[in-house]
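102 is the number that my numbering gives to position 98 of the sequence shown; each next residue is one higher, with no gaps.
Have a look at the structure below, then the notes.
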Amino acid sequence: MLKESQMKNKWNFALILLVIIKVSSIGVEVKIGLASKISQVVVEAKKLDQTRIGSLMYSDDLNNWFPAASTDQTTLNYNEHPISGRRYFQILETTPPKLSSSLNWKTKLTLPEDKFLIEFKAQDGVWIPPGNNKTKETQWVKFTVLMDDLTTVYFQNGSSIKFHYEFGTKFVPEFDGMSHME
5 MLKESQMKNK WNFALILLVI IKVSSIGVEV KIGLASKISQ VVVEAKKLDQ
55 TRIGSLMYSD DLNNWFPAAS TDQTTLNYNE HPISGRRYFQ ILETTPPKLS
105 SSLNWKTKLT LPEDKFLIEF KAQDGVWIPP GNNKTKETQW VKFTVLMDDL
155 TTVYFQNGSS IKFHYEFGTK FVPEFDGMSH ME
């Protein structure tokens, strides 16, 4: 088990490397610190472009990056509990995708009466429309979160669009020409 001082030294080393790698490459102000009382890493990014999505990405090896937090605002704040080993962060700004408008997707739901809610009762072997008083065994709503916009959840009409692939190829430009195997 690492002592607290050893853990802080590892975090500080990783934080210094991060600052050297990404501090001002895109004009975003990045402030990284260690909250000593609770041993959390605190990352704050300011001056993000309001027309883009700002994502805080993390990596343990500088090769594989994963999203930690995203915002469509001009600032992003993130706290992380200590982990063993190194952790690197970078800010990635992306342009949000433009989905073609349709009655088959939306970004907000009203449950339990929303028509996008799929209800199923196995013994009947049929779909049960939302709002029906029959007992349901399973209920779900299909949704998609795009990596270029982690701040938005796109709910799809599961009654008219049975598969995520169909939703992607019909409404998300980045999926144009994609086969169901991709």
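Note that beta-carbon positions come from the ideal geometry of N, C-alpha and C, so glycine has one too.
Quick caveat: nothing in here was measured; it's all calculated off a predicted structure.
Quick one: measure Cβ to Cβ for residue i and residue j, integer angstroms, because I've assumed they're closer than 8 Å.
{"i": "residue 154", "j": "residue 59", "result": "6 Å"}
{"i": "residue 63", "j": "residue 108", "result": "With a Cβ gap of about 36 Å, residue 63 and residue 108 do not count as contacting."}
{"i": "residue 167", "j": "residue 145", "result": "Not a contact, Cβ separation roughly 14 Å."}
{"i": "residue 47", "j": "residue 82", "result": "5 Å"}
{"i": "residue 171", "j": "residue 104", "result": "Residue 171 to residue 104, Cβ: 11 Å. No contact."}
Comparing alpha-carbon positions, which option in the options lies nearest residue i?
{"i": "residue 67", "options": "156, 53, 120 and 94", "result": "94"}
{"i": "residue 97", "options": "38, 156 and 54", "result": "54"}
{"i": "residue 148", "options": "77, 61, 110 and 123", "result": "110"}
{"i": "residue 76", "options": "35, 85, 100 and 90", "result": "100"}
{"i": "residue 160", "options": "112, 50, 92 and 124", "result": "112"}
{"i": "residue 142", "options": "123, 158, 56 and 152", "result": "123"}
{"i": "residue 51", "options": "156, 79, 86 and 183", "result": "79"}
{"i": "residue 156", "options": "102, 162, 179 and 186", "result": "102"}
{"i": "residue 87", "options": "57, 44, 106 and 49", "result": "44"}
Which stretch, first to last residue, makes up the beta strand (DSSP E) that contains residue i?
{"i": "residue 166", "result": "Premise fails: residue 166 is in no beta strand (DSSP E) and is neither H nor E."}
{"i": "residue 48", "result": "44-50"}
{"i": "residue 149", "result": "146-150"}
{"i": "residue 63", "result": "57-63"}
{"i": "residue 83", "result": "80-84"}
{"i": "residue 154", "result": "153-160"}
{"i": "residue 70", "result": "70-75"}
Checklist line | Uninterrupted alpha helix (DSSP H) stretches inside the stretch 86-120 (no shorter than 4 residues) | finding: none
Check: Does the stretch 106-117 come close enough to the stretch 58-74 to have 3 or more Cβ pairs within less than 8 Å?
Finding: no
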